[in-house]
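The sequence shown begins at 14 in this note's numbering and counts up by one. A quick write-up on the structure given underneath.
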Amino acid sequence: MPSTTVRISDTARETLRELAARTGRSMQDVLETAIDAYRRQQFFDEVDAAFRALKESPEEWQAEIEEREAVDGSLADGLEEE
14 MPSTTVRISD TARETLRELA ARTGRSMQDV LETAIDAYRR QQFFDEVDAA
64 FRALKESPEE WQAEIEEREA VDGSLADGLE EE
């Protein structure tokens with residue numbers, strides 16, 4: 014697998030080393046997991062900000078609620094009770 018070098022502070026490297034030792038995983042694996050967690054957190058922060066902005070407009074928020082209600086009734090269309 015291709016790799017690259019990234020410079021981090023001594024403090025960050027020591028934290029990374031401690032996390033790897035504590036979890037029994039490689040430093041690379043811990044770093045990749047941390048990057049993925051950060052990426053996910055950024056995504057949800059952006060979604061949260063978008064919903065907050067949507068809620069600031071009563072008309073747009075009402076349209077969102079109406080759309081949800083319209084879709085909500087279609088979730089079980091064509092499915093029979095078991």
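Note that the Cβ used here is the ideal one computed from N, Cα and C, for glycine as well. All of these numbers come straight from a predicted model, not from anything done at the bench.
Boundaries of the alpha helix (DSSP H) in which glutamate 31 is found, first to last residue: Note, glutamate 31: alpha helix (DSSP H), 23-36.
Beta-carbon contacts of methionine 40 that lie in its chain and below 7 Å, excluding the five residues immediately before and after: The residues are Leu29, Arg30, Ala33.
Chain C contact for threonine 24 (CB, 8 Å cutoff): Absent from the structure: chain C. Only one protein chain is present.
DSSP three-state assignment for valine 19, whether helix, strand or coil: Under the three-state reduction of DSSP output, valine 19 falls in the coil class, being neither helix nor strand.
Backbone secondary structure at glutamate 69 - three-state DSSP: Glutamate 69 falls in the coil class under three-state DSSP.
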